[in-house]
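S.K.:
Number of protein chains: 2
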Amino acid sequence: MPTLSASEGMVVSRDQIVTDSWGERAEATLVAAGHKRGGARRAVVELLDSQQCALTAVEIEDALRGGADGTEGTEGADGTRARRRVSRASVYRILDELEQLRLVQRVETGQTMVRYERVCEHEEHHHHLVCDECGVVMPFSDKALESAIETLSERVPLKVSEHEIVLHGSCRDCAA
Amino acid sequence: MPTLSASEGMVVSRDQIVTDSWGERAEATLVAAGHKRGGARRAVVELLDSQQCALTAVEIEDALRGGADGTEGTEGADGTRARRRVSRASVYRILDELEQLRLVQRVETGQTMVRYERVCEHEEHHHHLVCDECGVVMPFSDKALESAIETLSERVPLKVSEHEIVLHGSCRDCAA
DNA sequence: TTTACTGCAAATTATTTGCACGGTT
DNA sequence: AACCGTGCAAATAATTTGCAGTAAA
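Given below as structure tokens:
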């Protein structure tokens, strides 16, 4: 378990002490579930921790190889450099483990490849806008929508554990 | 184009005359788009017209072969028996055509196989509940949710054309 | 030293495509 | 006759799995 210090990656509130880093929670949860700390998994966790929105398995593989997209700068706050090449099979295996522990969530955008993103407990979660022309995916969040979902969830014949909302359309560039 | 008679599958309102059958609209749209009336496509359209919720390509193939699931009784109101074996390739091709004409909509439920269902213009559309344990998919609709989406759609950097909402959890049987 | 982690290559699974034939207009 | 629609079999593409070697506890 992580050391409790208010100085590094921690938030101290009146009622509880929580880590504010998804990465730390992920590592801790993995260890608690009886996993060792492999390098490939650490790299994937660190990358996901640095991302704001959902990635595909291939995007993760490319980014860790040192991809030329915007996903540079995967460096832990403590200077840990976890980036390293990770085989695609491992990427899928790791994502699967993380999903089972509810540390990551699948995002289906109707784009053949499934996307994955971290699940943050103490943050308002977001949903997705998908441009069907160029394929770009953007996050958004909306209070009214969340409360509508919450109310609804009580009245439905399902013990709801998650929900996913995707808006499709044309982004500004494509609609122009 | 279909004969305009107020007696069969038609709704006459003060301002417009519309067919209330998705199947008829589908056939008309297909012809207008320059398609001929093949038997396989008619069978798929008729089956989709008889369904309340989303099916996978394989479910469609099975149902048309005379599957032992609940999807029996595919018989047109006028007695047309369109059921016949349809190859899987044709099922996919036909679904693709129908999707491009916005007659059917993909539903991604996180279950490896994509589902498809008809899009009804003059009906309130629904969304889906998915039991992650047994895989059952149920439709639901909610006014408050729809209006939240509508409001939201105006404020987002996307010209929104569709939206999809999926609630995941455990159905009553599985949660018991 | 025991058990998990990882890469590689092969296997699966859903979906798509090429081609030849049969049906519709 | 001209052309679309359909089935079959082969081709793709994403994801999964078997196995052997490597690393963490």
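First to last, the protein sequences are chains A and B. Each residue of the first sequence is one higher than the one before, starting from 0 at the first, in numbering that gives the first Met the number 0. Each residue of the second sequence is one higher than the one before, starting from 0 at the first, in numbering that gives the first Met the number 0. Ideal Cβ placement from N, Cα and C applies to all residues, glycine included.
Hey, quick one: how far does the beta strand (DSSP E) through glutamine 104(A) stretch, first residue to last?
M.R.: Taken as a continuous stretch (DSSP letters only), the beta strand (DSSP E) holding glutamine 104(A) covers 103-106.
S.K.: So the beta strand (DSSP E) glycine 168(B) belongs to, where does it begin and stop?
M.R.: 157-170
S.K.: Determine the extent of the beta strand (DSSP E) in which glutamate 132(A) is found, giving its start and end residues.
M.R.: That residue, glutamate 132(A), is in no beta strand (DSSP E); it is neither H nor E in DSSP.
S.K.: Buried or exposed: which applies to cysteine 251(A), given that a residue is buried once 16 or more other Cβ atoms fall within 10 Å of its Cβ?
M.R.: The structure shown does not extend to residue 251(A), since chain A is modelled only from 0 through 175, so no value can be given for it.
S.K.: Terminal residues of the continuous beta strand (DSSP E) containing arginine 117(A)?
M.R.: 114-117
S.K.: Which partner residues of histidine 127(B) appear in the DSSP bridge assignment?
M.R.: Pro138(B), Val165(B)
S.K.: Can you list the residues of chain A that serine 152(B) reaches, using a CB-CB cut of under 9 Å?
M.R.: Leu166, Gly168
S.K.: Do valine 106(A) and alanine 32(A) have their C-beta atoms closer together than 8 Å?
M.R.: no
S.K.: State the DSSP-derived secondary structure class of leucine 100(B), mapped to helix, strand or coil.
M.R.: coil
S.K.: Which residues in chain B have a C-beta closer than 9 Å to the C-beta of glycine 109(A)? List them in chain order.
M.R.: Arg105, Glu107, Val113, Glu163
S.K.: According to DSSP, is threonine 111(B) part of a helix, a strand, or is it coil?
M.R.: coil
S.K.: Can you give the Cα-Cα distance for glutamate 23(A) and arginine 83(B), rounded to whole angstroms?
M.R.: 57 Å
S.K.: Got a sec: which bits of the segment 49-63 of chain B sit with their beta carbon under 7 Å from any beta carbon on chain A, in order along the chain?
M.R.: none
S.K.: Go to arginine 185(A), then tell me how far its alpha helix (DSSP H) extends in each direction, as first and last residue.
M.R.: Not covered by the structure: residue 185(A). The range shown for chain A is 0 to 175.
S.K.: Shortest alpha-carbon distance to alanine 175(B) belongs to which of Cys130(B), Glu163(B), Val155(B)?
M.R.: When Cys130(B), Glu163(B), Val155(B) are compared, the shortest CA-CA separation from alanine 175(B) is found for Cys130(B).
S.K.: When the cut-off is 8 Å and only beta carbons count, does cysteine 119(B) lie next to chain A?
M.R.: no
S.K.: What does lysine 35(B) touch in chain A if you count any residue whose Cβ is under 7 Å from its own?
M.R.: Going along chain A, no residue has its Cβ under 7 Å from lysine 35(B), so there is no contact; the nearest lies around 28 Å.
S.K.: Report the residue from Leu100(B), Glu161(B), Glu116(B), Glu153(B) whose alpha carbon sits nearest the alpha carbon of leucine 29(B).
M.R.: Out of Leu100(B), Glu161(B), Glu116(B), Glu153(B), Leu100(B) has the C-alpha closest to the C-alpha of leucine 29(B).
S.K.: I need the DSSP call for glycine 22(B), collapsed to helix, strand or coil.
M.R.: helix
S.K.: Based on Cα-Cα distance, which residue from Asp61(A), Gln110(A), Val103(A), Glu45(A) lies nearest to serine 86(A)?
M.R.: Asp61(A)
S.K.: By the three-class DSSP mapping on this structure, what secondary structure does serine 86(B) have?
M.R.: Look at serine 86(B) here: in three-state DSSP terms it is coil, with no helix or strand label.
S.K.: Grab the span of the alpha helix (DSSP H) containing arginine 41(B) for me, first residue to last.
M.R.: 38-49
S.K.: With a threshold of 6 Å on Cβ separation, who are the neighbours of valine 159(A) within its own chain once the five nearest residues in sequence on each side are excluded?
M.R.: Ser152
S.K.: Could you round the C-beta distance between histidine 126(B) and glutamate 163(B) to whole angstroms and report it? I think they count as a contact, below 8 Å.
M.R.: 7 Å
S.K.: In whole angstroms, give me the CA-to-CA distance for glycine 168(B) and serine 89(B).
M.R.: 33 Å
S.K.: I'd like the list of long-range same chain contacts for aspartate 48(A), defined as Cβ closer than 6 Å, with 5 residues on each side in sequence excluded.
M.R.: Trp21, Gly22
S.K.: Quick one: measure Cβ to Cβ for valine 113(B) and threonine 55(B), integer angstroms, because I've assumed they're closer than 8 Å.
M.R.: 7 Å
S.K.: Since I believe valine 155(B) is in contact with leucine 166(A) (beta carbons under 8 Å), could you give me their beta-carbon distance rounded to a whole number of angstroms?
M.R.: 7 Å
S.K.: Residues in the same chain with beta-carbon distance under 6 Å from leucine 97(A), minus the five sequence neighbours each way, listed in chain order, please.
M.R.: Val103
S.K.: Of all Cβ atoms in chain B, is any one closer than 8 Å to the Cβ of leucine 102(A)?
M.R.: No, leucine 102(A) lies away from the interface with chain B (no Cβ there is under 8 Å from its Cβ).
S.K.: When the Cα of arginine 117(B) is compared with those of Ala27(B), Glu45(B), Arg92(B), which residue comes out closest?
M.R.: Glu45(B)
S.K.: Among the candidates Cys133(B), Ser146(B), Ile59(B), whose CA atom is the shortest distance from the CA of isoleucine 93(B)?
M.R.: Ile59(B)
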